[in-house]
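Protein chains in written order, with our numbering: chain A, 41 to 370; chain B, 31 to 421. For each residue, glycine too, the CB sits at the ideal point set by N, CA and C. Okay, so here's the structure we're looking at.
Next comes the structure, spelled out in structure tokens:
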């Protein structure tokens, strides 16, 4: 269409054929240029990631040589004696993230269903805007709220009740100091809920209206339509939102370090203090004077990277498996 | 100066744009090409504007380079604890000597030592003296030595939260070491109660709070504990982060004091300055002479004076548990790290001048920011050490 236009113009205006030929050539050049540009952008992500891993790998050479794989299972973290093991940090990172997802996933998806299916559209977008605002709150604010509101509330109200009811379970045993794996998990849950709600809502809204109408036409109730038609249709997007939330929870630093207790221990009780990888790196990096200590912190970073990759990989496998099982939902 | 140049830059861009703007007008004479000519004109305007910007930017950096040849710029990096003091000093010094600019980044003592070892900064700063191994590494890397210059003093104080107890608690060194080792677990343990006959301490578990982040404050605290307790020295040792036998970690002074305030029956430690500025009450600590001393600027300086007699030539000395009746036992210097060989003559002269100024006029401004000034004996000794800096 555009080409046709220029062609006809060229015919009617012999005075400027050179310029038009140039414009023509430029327009043709646009495609490869566009291709090159997007390719470069995509490649830069790979390059940056690769470079990051390479740098982490190179800079932890000292601890890799000294501890080998035992770094991953060692429980001792002693900067003075120069003995480093990452297990307490790995444990703390994974446990807090699991707690966060256990709380945030049902809450977030329910909220998204409400916003997408049950609320009038105008109100829904206002509420969604508020949810997006929550996602923009700096993590240090969540940490402060955690330490000054959540921790006192937990120790005065929630935990006594919890211990009375299920205190016989080892995960809720022992003294509670306020800061703990449990508190960190709850703060993380609050932080990642907006991600789940926001993305899941968009995905649910994108489910074709015809699907719902067909379900209603078959005599389904509202609930049945959501549960059996809309949710399965939006399943992949919802998974994606949960994985994004998980990634955020694994790497969160500031809010976690303020409420987790920062004690590198592995205890059965969720009410005991713990430590996460990101928090340890952030806390100790600036004042680490010994090379071995520094190297250990860099290796912790590498371990966190590996955990993220492994968990993301497992998540993809999960999606693939369920998608194959119910391929017709697409 | 630079502001004037910026407006000049803006004006020239406008001028550039104005001269090109008539271009589309001229083209309208050829009617068919008008539309395209208009677009071309707009591009021309943009192009001219961009060119103008580039030219002006180039002109400005050229001009800046020109003025910079007279300015001496020193960079430093390191300890966070003395940062408020240093930034005030560097600012005041810049006002006295407008051609000398000192930039300081408070990236932490570890970073300060690393950067001065790499030679990426002109001087470093640290809350704990460099170890022999670190000094050796620096010597191998830079083929020069490093000098430690004490600048100000800091103290660390115990804070606590025991519901029902409002009085000031007296801590013996043995009690503090026992609490932090986990061997003393109750507030009414004889080791604490005996020193506080006037207070009725509860029979509740002590919740120990320490710094989670690596810190000069921790260094001073554990340095004191390892001097007064053999088990601490053997089991834990001294560093900016250690393996704590017991307790919860808070991030920063505010994290520790927040945890202590939130947790009943807890004990923690914070910088003296932080406690004073935030009006947090703190306990007294028994010094080497057996007296219970409340930390303040005087008792911290007294600790340095007590240690000055046996001050080594390189100032790498711990002054915790210092002798002297008035000395507060949990105190320390913080140091500037200056290479003993600085080849750039103007930089060397500027740094030497600053060090001398810091030891004279600079010391009189420390108390406004709650830092304890150096004792006279140390200042005299440092002035002699400055002479070691050579080209």
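Chain B partners of residue 117 of chain A, CB-CB under 8 Å?
Close to residue 117 of chain A, with beta-carbon spacing below 8 Å, are these residues of chain B in chain order: 273.
Cβ of residue 356 of chain A versus every heavy atom of the ligand GTP: is any distance shorter than 7 Å?
As presented, the structure is devoid of all ligands, the ligand GTP included, so that no description of it is given.
Taking all protein chains shown into account, do 16 or more other C-beta atoms lie within 10 angstroms of the C-beta of residue 144 of chain B, making it buried, or fewer, making it exposed?
buried
CA-to-CA distance, residue 115 of chain B to residue 128 of chain B, given in whole angstroms
19 Å
Between which two residues does the beta strand (DSSP E) harbouring residue 365 of chain B extend?
It spans 361–369 - the beta strand (DSSP E) in which residue 365 of chain B sits, taken as one unbroken run.
Can you tell me the Cα-Cα spacing of residue 421 of chain B and residue 170 of chain B, whole angstroms?
The straight-line gap from Cα to Cα measures roughly 18 Å.
If residue 393 of chain B sits next to residue 409 of chain B, beta carbons under 8 Å apart, how far is it from one beta carbon to the other, in whole angstroms?
The beta-carbon separation of residue 393 of chain B and residue 409 of chain B, rounded to 7 Å, stays under the 8 Å limit for a contact.
Considering only DSSP beta bridges, list what residue 429 of chain B is partnered with.
An answer regarding residue 429 of chain B cannot be provided, because it is not within the stretch 31 to 421 covered by chain B.
What residues from the segment 215–244 of chain B come within 7 Å of chain E, judged by C-beta to C-beta, listed N to C?
Going by chain labels, chain E is absent from the structure shown, which instead holds the protein chains A and B.
Quick check on DSSP: helix, strand or coil for residue 315 of chain A?
coil
Residue 95 of chain A: buried (16+ other C-beta within 10 angstroms of its C-beta) or exposed?
exposed
Counting only Cβ pairs nearer than 7 Å, list the residues of chain B close to residue 149 of chain A.
Residues of chain B whose Cβ lies closer than 7 Å to the Cβ of residue 149 of chain A do not exist, since the nearest Cβ in that chain is about 33 Å away.
Residue 101 of chain A versus chain B: which residues are under 8 Å apart at the beta carbon?
Chain B residues near residue 101 of chain A: none, gap ~16 Å exceeds 8 Å.
Going by C-alpha to C-alpha distance, which of B/111, B/123 and B/239 sits closest to residue 103 of chain B?
The residue from B/111, B/123 and B/239 with its alpha-carbon nearest to that of residue 103 of chain B is B/123.
For residue 178 of chain B, is the classification buried or exposed, using 16 other Cβ atoms within 10 angstroms of its Cβ as the cut-off for buried?
Classification for residue 178 of chain B: buried.
Through-space distance from residue 365 of chain B to residue 422 of chain B, alpha-carbon basis:
Residue 422 of chain B is absent from the structure shown; chain B starts at 31 and stops at 421.
Once DSSP output is grouped into helix, strand and coil, what is the label at residue 144 of chain B?
helix
Which residues of the segment 293–317 of chain A have a Cβ closer than 7 Å to any Cβ of chain B? Give them in chain order.
Flagged, chain order: 297, 298, 301, 302, 303 and 313.
Whole angstroms are fine: how far does the CA of residue 236 of chain A sit from the CA of residue 149 of chain A?
7 Å
List in chain order: all unbroken beta strand (DSSP E) runs of 3+ residues lying wholly within the segment 313–349 of chain B.
314–316
Own chain residues within Cβ distance below 6 Å of residue 293 of chain B, not counting five before or after
Within the same chain, residue 293 of chain B has close Cβ partners 237.
Which value, in whole angstroms, describes the spacing of the CA atoms of residue 263 of chain B and residue 253 of chain B?
9 Å
Within 8 Å of any Cβ in chain B, is that where the Cβ of residue 50 of chain A sits?
Because the pLDDT at residue 50 of chain A is just 45, under 50, the model does not fix this residue reliably, and the point stays unresolved.
Residue range of the beta strand (DSSP E) that residue 240 of chain B falls in?
That run of the beta strand (DSSP E) goes 237–241.
Check the Cβ-Cβ distances between residue 187 of chain A and every residue of chain B, and say whether any is below 8 Å.
yes
Specify, as a first and last residue, the run of the alpha helix (DSSP H) that residue 251 of chain A falls within.
249–257
Selected residue, minimal CA-CA separation from residue 158 of chain B, among B/413, B/406, B/206 and B/347:
With distances taken between Cα atoms, residue 158 of chain B lies closest to B/347.
From the DSSP secondary-structure annotation, give me the bridge partner or partners of residue 153 of chain B.
B/106
Residue closest to residue 148 of chain B, alpha-carbon to alpha-carbon, out of B/338, B/368, B/220 and B/415:
B/368
Which complete alpha helix (DSSP H) runs does the segment 212–292 of chain B hold, if anything under 4 residues is left out?
220–223, 246–258, 260–265 and 282–292
Rounded C-alpha distance that separates residue 226 of chain B from residue 297 of chain B
16 Å
Inter-residue spacing [alpha-carbon to alpha-carbon] between residue 103 of chain A and residue 97 of chain A
10 Å
Going by Cα to Cα distance, which pick from B/162, B/314, B/301 and B/384 is closest to residue 246 of chain B?
B/301
Residues of the segment 128–147 of chain B with Cβ closer than 7 Å to any Cβ of chain A, in chain order
137, 138, 139, 140, 141 and 143
Look at the alpha carbon of residue 258 of chain A and the alpha carbon of residue 268 of chain A, and state the distance between them as a whole number of angstroms.
12 Å
Would you mind working out which of A/342, A/80 and A/351 sits nearest residue 101 of chain A, comparing C-alpha positions?
Of the candidates A/342, A/80 and A/351, the one whose C-alpha sits nearest the C-alpha of residue 101 of chain A is A/342.
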